[in-house]
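Following: one structure in C-alpha cells, then a few remarks.
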Amino acid sequence: MIRLESLSKSYPDGELFSNVNISIKKGMRAGLVGPNGSGKTTLLRLMLQKESPDSGSVQKDKSITIGYLAQDIVVGTNLSILEEVMGAYPEVREIEGKMLVLSNAIANDPENMELVNQLGEVQNRFEALGGWTLEEKAKKILSGLGFSEDKFSDPMDVFSGGWRMRVALAAI
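Following the working numbering, the numbering of the sequence shown begins with 28 at its first residue and continues without gaps.
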C-alpha cells in the first residue's frame, strides 16, 4: 500500500498543492491527470522519495515498487536495446556473473563441494529473480512496443527520442 497523508508542497513562487490524501492499495493502478504545472511530476517524485514534502507523510510498503518513466529525453548509449532493458535488473546480472565465476572455478576444481554448494545457492537466487526467463521477457516486451527482433542488438544511440522512450518504458 502507498499512502499520502496531508501532503503539501510549495516552491518560492507559490503553493503547488496542499492537504493531499491518497491511498493506493496493492493491485490497484492509478494515473495522475492534470494541466501542466499542477504538480503531477512533483507528486510522483514525493512518492518515490526523491523529494521531501513541506508537510505530511508518504508511507509505502517495502514490497511495493513504483514504475516511473521520467519525462526527460532518454539519452542514447552504445548498449543494445536488449542490454538496456535487461540492465534494469542489476541484481540478476550480478548473480549471472557470480554463476559464471563459480562455474569456471568448479571446472578447475570439480571435487570442491563448497563451490558446488555455492553455485547451487546462487542458481536458486537467480531462478527466484526470474533470471532464466529475463531475456525472453525483455524480447517479448520490446516486440510488444513495436521493435522487430532484428533491432534488439542495435545500439540505443541509433534510435530517435520516441523509440528511446519506448526502450525506457520496457525497462520499467
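Backbone N, C-alpha and C fix where the C-beta goes; we use that ideal spot for every residue, glycine too.
>> Once the 5 residues before and after residue 146 are set aside, which same chain residues still bring their CB inside 6 Å of it?
In response: Counting only Cβ-Cβ distances below 6 Å, and skipping sequence neighbours, we find 129.
> What are the boundary residues of the alpha helix (DSSP H) that includes residue 188?
Replying inline: Run containing residue 188: 188–197, per the alpha helix (DSSP H) assignment.
> Looking at C-alpha atoms only, which residue of 72, 68, 82 and 43 is the closest neighbour of residue 33?
Replying inline: The candidate whose alpha carbon is nearest that of residue 33 is 82.
> Sorted by chain position, which residues of the same chain lie with C-beta nearer than 6 Å to residue 51's C-beta, five sequence neighbours on each side aside?
Replying inline: Within the same chain, 29 and 57 come within 6 Å of residue 51 by CB-CB distance, once the 5 residues on both sides are set aside.
> Looking at C-alpha atoms only, which residue of 113, 137 and 192 is the closest neighbour of residue 164?
Replying inline: Of 113, 137 and 192, the residue nearest in Cα terms is 113.
> Is DSSP giving residue 167 helix, strand or coil here?
Replying inline: Here residue 167 sits in helix by DSSP.
> Thinking C-beta only, is residue 47 closer than 8 Å to residue 31?
Replying inline: Residue 47 sits close to residue 31, with the two beta carbons spaced by under 8 Å.
> Residues in its own chain within less than 7 Å of residue 80 by CB, not counting five upstream and five downstream?
Replying inline: 34, 35, 36 and 73, listed in sequence order.
> Cβ of residue 168 within 8 Å of Cβ of residue 197?
Replying inline: Yes.
>> Please state whether the Cβ-Cβ distance between residue 176 and residue 170 is less than 8 Å.
In response: Cβ distance < 8 Å, so residue 176 and residue 170 count as in contact.
> Would you call the CB atoms of residue 91 and residue 174 closer than 8 Å?
Replying inline: The answer is no: Cβ separation not under 8 Å.
>> Under DSSP, the alpha helix (DSSP H) around residue 139 begins and ends at which residues?
In response: Under the DSSP assignment, residue 139 falls outside any alpha helix (DSSP H); it carries neither an H nor an E label.
> According to DSSP, is residue 145 helix, strand or coil?
Replying inline: Residue 145 falls in the helix class under three-state DSSP.
>> If you follow the alpha helix (DSSP H) that residue 111 is in, where does it begin and where does it stop?
In response: Looking at the DSSP string, the run of the alpha helix (DSSP H) that includes residue 111 is 108–113.
> Quick one: Cα of residue 115 to Cα of residue 88, how far?
Replying inline: C-alpha separation (whole angstroms): 21 Å.
> Based on the DSSP output, what are the partners of residue 61 in its beta bridges?
Replying inline: None, per the DSSP bridge assignment.
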